[in-house]
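The block underneath contains the structure these notes are about, expressed in structure tokens.
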Amino acid sequence: KPVQVKELRRMREEGEKIACLTCYDASFALLEDRAGVDLVLVGDSLGMVIHGQDTTTAVTTEDITYHCRAVRAGLKRAFMVADMAFLSFATRDRALDAAQQLMQEGGAQMVKLEGGRIQADIVEYLSARGVPVCAHLGLQPQLIHKMGAFRVQGREQDAAEEMIRDVEILEQAGADLLLLECVPSELAKVITERANVPVIGIGAGPHVNGQILVLHDILHVSPSVTVGHTPRFVRNFMDGASSIENAVERYVAAAKDCSYPAPEHCFK
Ligand code: KIV
9 KPVQVKELRR MREEGEKIAC LTCYDASFAL LEDRAGVDLV LVGDSLGMVI HGQDTTTAVT
69 TEDITYHCRA VRAGLKRAFM VADMAFLSFA TRDRALDAAQ QLMQEGGAQM VKLEGGRIQA
129 DIVEYLSARG VPVCAHLGLQ PQLIHKMGAF RVQGREQDAA EEMIRDVEIL EQAGADLLLL
189 ECVPSELAKV ITERANVPVI GIGAGPHVNG QILVLHDILH VSPSVTVGHT PRFVRNFMDG
249 ASSIENAVER YVAAAKDCSY PAPEHCFK
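Written out as structure tokens, the structure reads:
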């Protein structure tokens, strides 16, 4: 049965972990679907792992839509989320146009956008018009040129409190899903306990409702791991796997039974 928002909510309520993975083409969509991935994200990480760019900022709505169409063709069961490209949601009208393209042309079932309370107005605008939204908090890779480096977010007390408040505001605005990137495990735990919608984590510890990783990272083929810059939260699931499909199955099993993430993949 295809996964819907309702099913993600049920999994959260019943304590069943949600296994999520990025995906960019039809072959991997079919493989991830068969391996039991519940949610695939056509992330703007495609700029880095597919197009070989250093950041995600050059990725456009057209790029993401193109990959969405391919992924949609391979999926039967998994829920499909599409990233909103950098600045494509800077105004209400632009956000609505981008969401329309991702959903109508790309076949996405939800859009994900980076940002805290500053995006509440956009989340509310989209949500009120029938667009399911995932709010991406913590590390926001689209802010790289402002931040200068990728860093763990919410370590200081005031930053942690601000993130907790951001979550409340975004939920009130209509966010259906939250994604926390590079956040201390204890903060992610507090946010997950307080949230009324599923919380997915990447580098956010074991207490969230589900895990997400970049496909090329778990297969140990992304440019960053190849040159030896493996983020702390990444585990190489090809290690000991009999095939690529088996590596994805091992990731799903580990995300479901909480053997991933281990303490060495988490931030304090
Ligand atoms: O673009 C992406 O792949 C993402 C994940 C890192 C969550 O946003």
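For what it's worth, my numbering labels the leading residue of the sequence shown as 9, then goes sequentially.
C-beta: ideal position from N, C-alpha, C; glycine also.
Mind checking who Gln108 pairs with in its DSSP beta bridge?
Paired residues: none, contrary to the question.
Considering only residues of the same chain and omitting the five flanking positions on each side of Ile58, which have a CB-CB separation below 6 Å?
For Ile58, where only same-chain residues beyond five positions count, the Cβ hits under 6 Å are Tyr32.
Where does Ala270 land, buried or exposed, given buried means 16+ other C-beta within 10 angstroms?
exposed
Quick one: Cα of Arg240 to Cα of Gln112, how far?
The straight-line gap from Cα to Cα measures roughly 36 Å.
For the beta strand (DSSP E) containing Met88, list its first residue and its last residue.
Phe87 to Asp91
Limits of the beta strand (DSSP E) - the one that Val141 falls within:
Val141 to Gly146
So, with DSSP's three-state summary, where would you put Thr30?
strand
For Leu83, which residues of its own chain have a beta-carbon under 6 Å away from its beta-carbon, when the five flanking residues on both sides are left out?
Ala37 and Asp41
Terminal residues of the beta strand (DSSP E) in which Ile208 lies
Val207 to Ile210
Cβ contact (3+ pairs, closer than 8 Å) linking the region 208–215 and the region 225–233:
no
Validate contact between the region 189–203 and the region 133–142 using beta carbons, cut 8 Å, 3 pairs
No contact exists between the region 189–203 and the region 133–142.
Verify the contact flag: Thr30, CB atom, against every heavy atom of the ligand KIV, threshold strictly below 8 Å.
yes
Round the Cβ separation of Val260 and Val45 to the nearest angstrom and send it over; I've been treating them as touching at under 8 Å.
6 Å
So what does Gln219 bridge to, in DSSP terms?
Ala27 and Gly209
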